[in-house]
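Student:
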Ligand SMILES: [Zn+2]
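Numbering (our numbering), first residue to last: 589 to 844.
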């Protein structure tokens, strides 16, 4: 399963050697373009290779907020020439070209093979609704914030998680002049100070930053410093292709 699908997602999955048959359930936190422009690639490229043992031979199932059905319907319209041509070829398996969608409400959205995925509302200000996700398996819990500003509902759902993957946005602290544009965008996201408060209250075993919106020269070093002023727990800054092990005994490790 996959959570959000921004640009380059398929290339990253390939680099990680993920079996694309395992990436056939896509959960969208919200419909901003930077979380969804990778969808046509994820949908249409893997079926081409299905008969050669990699790729995807089943439908892509997308779960997302209201508006997801509309987006998936129009993607199918947009790519109808390709889908008609490719599924018309005898040697291409057609099943992978199906694009199914289901719109979310808060609560359990997926339950299979012991894995439960639940959606909860967050506050992304610029676009509504926006969701975070809680993934549970064998007593272990991973929570993804999606894009959000400080959100009480997220703290409620993230309490005691093994791994909390949270977004962040910041400008350097000593900056006095911030444009209206940057100030506006910061209001849709979570500052390091807000994140520290969230982590302190939710108490995950490990908090990890993702979606690093570091504006106007802000650095990861400052991000960590400002977070640790008010948060004493385990903290990592995420990076592309990072892997985590959510183990029962070893706890949560960042594998480098
Ligand atoms: Zn967003």
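All C-beta atoms, glycine included, are put in the ideal place defined by N, C-alpha and C.
Check this for me: beta carbons of residue 735 and residue 754, under 8 Å apart or not?
Tutor: Residue numbering aside, residue 735 sits at position 147 when the chain shown is read from its first letter. Residue numbering aside, residue 754 sits at position 166 when the chain shown is read from its first letter. Contact flag unset, no.
Student: So who's on the other strand from residue 722, going by DSSP bridges?
Tutor: Sequence index remark: in the chain shown, residue 722 carries index 134 (1-based). Answer is 706 and 731, bridged to residue 722.
Student: My understanding is that residue 594 touches residue 629, with C-beta atoms under 8 Å, so please give their C-beta distance in whole angstroms.
Tutor: To locate residue 594, count along the chain shown from 1; it is residue 6. To locate residue 629, count along the chain shown from 1; it is residue 41. Residue 594 to residue 629, Cβ: 11 Å. No contact.
Student: Within the same chain, show all residues whose beta-carbon is closer than 8 Å to that of residue 561, passing over the 5 residues directly before and after it, in chain order.
Tutor: Outside the displayed span of the chain (589 to 844) sits residue 561, for which this structure offers no information.
Student: What residue ranges within the segment 649 to 704 form continuous alpha helix (DSSP H) runs of no fewer than 4 residues, ordered along the chain?
Tutor: Listed in chain order, they are 656 to 666 and 668 to 675.
Student: Run through DSSP, which three-state label would residue 797 get?
Tutor: As a working mapping, residue 797 is identified with position 209 in the chain shown. Note: residue 797 maps to strand in three-state DSSP.
Student: On the DSSP bridge assignment, give the partners of residue 771 in chain order.
Tutor: By 1-based counting over the chain shown, the position of residue 771 is 183. Beta-bridge pairing links residue 771 to no other residue.
Student: Helix, strand or coil for residue 789? Go by DSSP, reduced to three states.
Tutor: The residue labelled residue 789 in the question sits at position 201 within the chain shown. Looking at residue 789 - three-state DSSP - the assignment turns out to be helix.
Student: Using the C-alpha atoms, what's the distance from residue 671 back to residue 635?
Tutor: As a first step, residue 635 is located in the chain shown; it is residue number 47 there, counting from the start. As a first step, residue 671 is located in the chain shown; it is residue number 83 there, counting from the start. Here the alpha carbons of residue 671 and residue 635 stand approximately 10 Å from one another.
Student: Considering only residues of the same chain and omitting the five flanking positions on each side of residue 749, which have a CB-CB separation below 8 Å?
Tutor: In the chain shown, counting from the first residue as 1, residue 749 sits at position 161. So the qualifying residues of the chain are 722, 729, 730, 731, 790, 792 and 793.
Student: What does the alpha-carbon distance come out to for the pair residue 663 and residue 837?
Tutor: By 1-based counting over the chain shown, the position of residue 663 is 75. By 1-based counting over the chain shown, the position of residue 837 is 249. Distance between the alpha carbons of residue 663 and residue 837 is about 44 Å.
Student: Can you tell me which of 842, 697 and 733 puts its alpha carbon nearest to the alpha carbon of residue 828?
Tutor: Start at 1 with the first residue of the chain shown, and residue 828 comes out as number 240. Distances from the alpha-carbon of residue 828 to those of 842, 697 and 733 put 842 closest.
Student: Find out if the Cβ-Cβ distance for the pair residue 774, residue 757 is shorter than 8 Å.
Tutor: Here residue 774 refers to the residue found at position 186 of the chain shown. Here residue 757 refers to the residue found at position 169 of the chain shown. Yes, the Cβ-Cβ distance between residue 774 and residue 757 is below 8 Å.
Student: Buried or exposed: where does residue 652 fall if 16 or more other Cβ atoms within 10 Å of its Cβ makes it buried?
Tutor: The sequence position of residue 652 within the chain shown is 64, counting from 1. Result: buried.
Student: For residue 705, count neighbouring C-beta atoms within 10 Å of its own C-beta (all shown protein chains included) and say buried if the count is 16 or more, exposed if not.
Tutor: Taking the chain shown and counting its residues from 1, the one referred to as residue 705 is at position 117. Label assigned to residue 705: buried.
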